[in-house]
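Worksheet: one structure, shown below.
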Amino acid sequence: MPDETMAKGYEPKDVEDKWYEYWLKEELFKAEVPSDKPPFCIVIPPPNVTGTLHMGHALNNTLQDILCRYKRMKGFNVLWQPGTDHAGIATQNVVEKDLMKKNISRHDVGREKFIELVWEWREKYGGFIINQLKKLGSSCDWSRERFTMDEGLSRAVKEVFVRLYEEGLIYRGDYIINWCPRCQTALADLEVEHEERESFLYHLRYKFENSDEYLVVATTRPETLLGDSAVAVNPEDERYANLPGTHVILPVVGKAIPVIFDKYVDTEFGTGALKITPAHDANDFNVGNTHDLERVKVIDEEGKMNELAGKYQGMDRFECRERILEDLEKEGLLEKKEPYTHSTGHCYRCKTMIEPLLSKQWFVKTEPLAEKAIEAVKTGKTKILPGTWENVYFDWMNNIRDWCISRQIWWGHRIPAWYCDSCGEITVSKDVPTECSSCKSTDIRQETDVLDTWFSSALWPFSTLGWPDKTEALDIFYPTSALVTGFDILFFWVARMMMMGLHFMVDIPFSDVYIHALVRDAEGKKMSKSKGNVIDPLIVIDQYGTDSFRYTLAAFAAQGRDIKLSEERIEGYRHFVNKIWNSARLVLSNLEGNEPDHDESRELSLPDKWILTRMGEVSRDVSVALDEYRFNDAAGLAYQFAWHEFCDWYLETAKEWLYSDDEKLKLSVRCTLKELLSGILRILHPFMPFITEEIWSRLPGAEGSIMKASFPEISDYVNDSSAVKDMATLMGVVNGIRNIRGEMNVHPSKKMDIHVEMPDDKERQVILDNLCYVKNLARVESADIQKQMAKPEASVTAVFEGNQIHILLKGLIDFNEEKRRINKEMAKVQKEIDGSEKKLSNKGFLDKAPADVIENVKEKVAVLKAQIEKLRENLSFFEGIDD
RNA sequence: GGGCGGAUAGCUCAGCUGGGAGAGCGUCGGCCUUACAAGCCGAAUGUCGCAGGUUCGAACCCUGUUCUGCCCACCA
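Numbering (the working numbering), first residue to last: 495 to 1377.
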């Protein structure tokens, strides 16, 4: 009689929101400050406020939630620190786009008003992604939610900036930087994406001064010749050995520029002569510095040609290229143009082609910071998992370049530096200064640039805990326990948190960094909105339920491999969730509420002892897997156990007593059922929080939320290894009979008579003692079990190990069919014997392999041989009959 | 130009420190057996990318090779 209050199929929608609200109401996500429990802390990779939940978030947060829920059940004081990132450029772009719809630019509204608008936007939509995280079941301590632009974190940012400046680790300098003409800001090297593009390599003729002869230079960017200051050749290049000291005339411009030697020039490339444009190319900038060349900036911040571009002034850089080429052509100065594929930099936000531009920016001197960050991973204080990512980390850290942290946008932490118009001095201060720190002039104005978004997120592990104040939370939870993130932000974020954490907290920010895979589309491509290949997690949740979705992600999260999400797989786990639901229906409908919690004294059946032992083993194995971030193994173990051991075997044996009149055994089975359901729910809870809570709430005697229950331990259960062995024997007999049934097409409703020959006394006794299960599971009417017997007439025989199960099938046997079956079986066994015997006849194997391995093989051969012998007997039996 | 990962059953993927390979879905056959047809029982299926090597023994270790994906990089 099923539990009528439980629907036949599990309906996620009916329960998910209800339980999430309950958890919130009961404050079950809240960290304890202070606490007697050991701390466990994860800081969330803060999603962008403007963002919406994508697959990456879903995976990332599911894994974190699994860890947090698991650790809570293991008795830890868990803080999962949530929050969002202001995401400077991304957010500004979004709000700007919104304004554009009304045909208004940010300049129309002005900086202050614009920032106000962004805050308004944030108020309105900033909670969006947070709600989506909640939908996923995330058990973050929302009472501690932070935002990278909130007051406390802004204070931390200022503190860090000022201190680094005072330590000489932040400086301002003239450099060639990556400029996005569309976003109108400098970008860090990391924010530039390089892409291969089809283009042309142009060979241009630069005439020598007072001569008709010319030097040919190769370039992909003819328009930059307007800013050329020299042409460089390699000193080793014999072709040009006598050139330096001479001058060439810059085409179109008519200006004379020197030919110089620089070993940077590659003699193999192009013509071996390189035009040098110090203001618009990073390499040329360096060459220019060496030779003290003029920096002629001809392209402005909008990507247009400026006043120094002469007649090309006002043209877009690409238009200018075409016009210059036309002009060169006319003058016969374009020697040739050849197709050329090379990679160009693009803005990671808007994909606009980057313009290398000479500009004054703020930088963090990273080398001293990186040293400590390298050391911490080298010594194992922080572990990066899987380990292969440590190499990537080291590689980047060892070659780290100074970090450009200023951005010419409005949304972000405004740099706390003030320029003095009187003396030109810079005042850097946490508080708004009233006067110049140097000349006391009040004629000061604040830097208009804001900081790179990653500057504030670099402080996340300690700023969210209250730094720079000395808070109790900081004391308890720093260093945090684990960081769970994708490798795409290993440099952007993880590396910088390491540097900042070690510098300001003088300790690592986290002990473990678990790098998970990226969720990709069916072709293995990174999912992105611009590619249009995104699968919306919320649609998946709507369709399959959160628990199935989470389980799928966990099961897919094998280390070091990307995830190509397939819907079939999600569907498979939905079936699993439903299976759990239905097994609970069966169990709950049979519980009467009077089952004692731990009744050690009760008489345990073989299946009881077996399943309890397995419950303990699986609890241990799942624990170990989770401790090692092997989410897929943990999920797989729980799945296999719950479905194929508990449901397929134990529940079926339990029915023997559930539907019987033996009150004593009935009660014992009910106890085991309750214990198992409880255990399975608790093991599954980190993966599928909603359904487990729902069923838990219906479990008699279970008090409060499952979140507060303990994770099962192996010591909680009976541990009886002989029961596991005996159960295997029982299963062997049942499987043998089922196999015959299937192969011989015996209708399931037909009960069979069997004669079992089992030479081993102990095994035979196991079957005799547990015959009721064999009868039930294999649908057997009568069984005759002997140490030895002759094969009955009209029987088919299943052989397993040295045992034979003769099944009487009067009139049902097709002799040929049976011979075929036996032959097939024999061939299979023979193949195995051959393999093993080959080994045993190998002297090398016997000499060198470990004794236990050899023993195993020998044993295996013996068993197989006994088996094939029985099969042969059976075959000859049928061969004696002529059909 | 460097570096990393993947190639295993029709599909999507597991396979820990080397001892004859597994799951889900799909396929085939049989079942509406009172938890579940989103289910049950049974079955089939792979020279583990290719070629060498190390080893008594290789999907796993080494070398080379082919395809494929990714990351990093200042060759115009």
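C-beta atoms are modelled at their ideal positions from N, C-alpha and C, and glycine is treated no differently.
Residue environment, residue i, which counts as buried when at least 16 other CB atoms sit within 10 Å
{"i": "Lys1244", "result": "exposed"}
{"i": "Tyr1211", "result": "buried"}
{"i": "Asn1317", "result": "exposed"}
{"i": "Arg1068", "result": "buried"}
{"i": "Val1340", "result": "Sequence check: residue 1340 is Leu here, not Val. Under this definition Leu1340 is an exposed residue."}
{"i": "Val926", "result": "exposed"}
{"i": "Thr942", "result": "exposed"}
{"i": "Cys674", "result": "buried"}
{"i": "Asp1377", "result": "With a pLDDT of 47 at Asp1377, under the threshold of 50, the modelled position of this residue cannot be trusted, and the question is left open."}
{"i": "Pro496", "result": "Confidence at Pro496 is low in this model, with a pLDDT of 45, below 50, so the placement of that residue should be treated as unreliable; the coordinate-derived value is given next. Answer is exposed; the Cβ neighbour count stays below 16."}
{"i": "Val588", "result": "buried"}
{"i": "Gln626", "result": "buried"}
{"i": "Leu1059", "result": "buried"}
Residue i: first and last residue of the uninterrupted alpha helix (DSSP H) it sits in
{"i": "His697", "result": "Not the alpha helix (DSSP H): His697 falls in the beta strand (DSSP E), residues Val686 to Phe702."}
{"i": "Asn589", "result": "Reading off the sequence shown, one finds Val at residue 589, where the question assumed Asn. Here the alpha helix (DSSP H) through Val589 covers Gly582 to Lys595."}
{"i": "Leu1302", "result": "Premise fails: Leu1302 lies in the beta strand (DSSP E), Asn1297 to Leu1302, not in any alpha helix (DSSP H)."}
{"i": "Gln1037", "result": "Pro1031 to Tyr1038"}
{"i": "Phe888", "result": "Thr882 to Asn892"}
{"i": "Asp1115", "result": "Leu1100 to Asp1121"}
{"i": "Gln1361", "result": "Ala1345 to Glu1373"}
{"i": "Thr556", "result": "Met549 to Met567"}
{"i": "His997", "result": "Arg990 to Phe998"}
{"i": "Asn1310", "result": "Phe1309 to Leu1334"}
{"i": "Phe570", "result": "Note, Phe570: premise wrong, no alpha helix (DSSP H); not H, not E."}
Whether residue i touches residue j by CB criterion (7 Å)
{"i": "His1241", "j": "Asp1278", "result": "no"}
{"i": "Glu1089", "j": "Arg1108", "result": "no"}
{"i": "Ile1185", "j": "Ala1132", "result": "no"}
{"i": "Phe971", "j": "Pro533", "result": "yes"}
{"i": "Ala581", "j": "Thr947", "result": "yes"}
{"i": "Lys1073", "j": "Trp1137", "result": "yes"}
{"i": "Pro745", "j": "Leu695", "result": "no"}
{"i": "Asp722", "j": "Lys769", "result": "yes"}
{"i": "Glu1097", "j": "Ser1154", "result": "no"}
{"i": "Arg1044", "j": "Thr546", "result": "no"}
{"i": "Val612", "j": "Gln575", "result": "no"}
{"i": "Phe1384", "j": "Met992", "result": "The question about residue 1384 has no answer here: the residues shown for the chain are numbered 495 through 1377."}
{"i": "Leu1047", "j": "Leu1369", "result": "no"}
{"i": "Met847", "j": "Thr835", "result": "no"}
Element boundaries [beta strand (DSSP E), containing residue i]
{"i": "Val725", "result": "Ala724 to Val727"}
{"i": "Gln1134", "result": "Run containing Gln1134: none; DSSP gives neither H nor E here."}
{"i": "Val710", "result": "Tyr708 to Thr713"}
{"i": "Asn672", "result": "Ile664 to Cys674"}
{"i": "Met1246", "result": "Met1246 to Glu1251"}
{"i": "Asp602", "result": "Premise fails: Asp602 lies in the alpha helix (DSSP H), Arg600 to Val603, not in any beta strand (DSSP E)."}
{"i": "Ser1276", "result": "Val1274 to Gln1280"}
{"i": "Tyr734", "result": "First-last for Tyr734: undefined, no H or E at that position."}
{"i": "Asn1088", "result": "Here Asn1088 belongs to no beta strand (DSSP E), and DSSP marks it neither H nor E."}
{"i": "Lys877", "result": "Lys877 to Leu879"}
{"i": "Trp1006", "result": "The sequence shown places Asp at residue 1006, not Trp. From DSSP, the beta strand (DSSP E) with Asp1006 extends over Phe1004 to His1010."}
Top-ranked residue by Cα proximity to residue i, from the options
{"i": "Tyr564", "options": "Ala1345, Pro1206, Leu1171 and Ala552", "result": "Pro1206"}
{"i": "Gly881", "options": "Glu788, Phe981, Lys859 and Glu816", "result": "Phe981"}
{"i": "Leu1302", "options": "Ile1362, Val1268, Ile1234 and Lys1332", "result": "Ile1234"}
{"i": "Tyr700", "options": "Lys1313, Phe755 and Glu829", "result": "Glu829"}
{"i": "Gly569", "options": "Ser1370, Ala1203 and Glu639", "result": "Ala1203"}
{"i": "Ile903", "options": "Phe779, Glu795, Arg1014 and Glu717", "result": "Glu795"}
{"i": "Ser1391", "options": "Lys595, Thr873 and Pro1183", "result": "The structure shown does not extend to residue 1391, since the chain is modelled only from 495 through 1377, so no value can be given for it."}
{"i": "Asp731", "options": "Asp760, Gly748, Ser705 and Val711", "result": "Asp760"}
{"i": "Glu614", "options": "Ala724, Phe857 and Trp905", "result": "Trp905"}
{"i": "Phe622", "options": "Trp1143, Ile1327, Ala724 and Gly577", "result": "Gly577"}
{"i": "Lys757", "options": "Ile743, Ser1083, Asn780 and Asp775", "result": "Asn780"}
Give, in chain order, every unbroken run of the alpha helix (DSSP H) that is at least 4 residues long and sits entirely within the region 750-807. Complete alpha helix (DSSP H) runs here, min 4: 776-785.
Considering only residues of the region 899-977, which uninterrupted alpha helix (DSSP H) runs meet the minimum length of 4 residues and lie entirely inside it, listed in chain order? With a minimum length of 4 residues, the continuous alpha helix (DSSP H) runs that stay inside the region 899-977 are 947-951, 954-957 and 966-971.
What residue ranges within the region 506-534 form continuous alpha helix (DSSP H) runs of no fewer than 4 residues, ordered along the chain? DSSP assignment within the region 506-534 yields the following whole alpha helix (DSSP H) runs of 4 residues or more, N-terminal first: 506-519.
Tell me the start and end of each unbroken beta strand (DSSP E) in the region 822-853 that is at least 3 residues and wholly inside, in chain order. Counting whole runs of 3 or more residues, the region 822-853 contains the beta strand (DSSP E) stretches 828-841.
Identify every run of the alpha helix (DSSP H) within the region 1138-1219, keeping only runs that are complete inside it and at least 4 residues long; order them along the chain. Whole alpha helix (DSSP H) segments, 4+ residues: 1146-1152, 1157-1178 and 1183-1190.
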